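Numbering (full-length UniProt numbering), first residue to last: 1 to 89. Every residue, glycine too, gets a C-beta built ideally from N, C-alpha and C. Since the model is a prediction, treat every value here as computed from it, not as a measurement.
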Amino acid sequence: DQDAVALIAVADLVTTAVGPQILEKIAGTIAQGLVKRHNDGNTRPLNIIACENMVRGTSQLKQHVLKLLPEGHQEWVVEHVGFVDSAVE
């Protein structure tokens, strides 16, 4: 979804509420948005929060995203993007 990619490239906060089984499926779009963000020179902080009914959902999403990033982008993402675990009641 190119609209989502473009938004991730400029956003300050990205949240999900899609269900734990969908996180891996949306990781590619998030990875594309982060690559665009990097290529556009956007170094403003970005936090990503998976608001899912699961333990360490954002940490799992982070691993899916990192696996899909092209070589050379992982280090930039680790330095510039926060993946914040949360609890959902």
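Per DSSP, the bridge partner or partners of residue i
| i | result |
| --- | --- |
| residue 49 | 15 |
| residue 5 | None; residue 5 has no bridge partner. |
| residue 88 | Residue 88 pairs with nothing; no bridge assigned. |
Best match in the options for proximity to residue i [C-alpha to C-alpha]
| i | options | result |
| --- | --- | --- |
| residue 25 | 78, 64, 82 and 76 | 64 |
| residue 8 | 39, 22 and 21 | 39 |
| residue 27 | 41, 45, 57 and 75 | 57 |
| residue 17 | 45, 52, 11 and 32 | 52 |
Range covered by the beta strand (DSSP E) that runs through residue i
| i | result |
| --- | --- |
| residue 82 | 81-83 |
DSSP state of residue i mapped onto helix, strand, coil
| i | result |
| --- | --- |
| residue 69 | coil |
| residue 43 | coil |
| residue 55 | coil |
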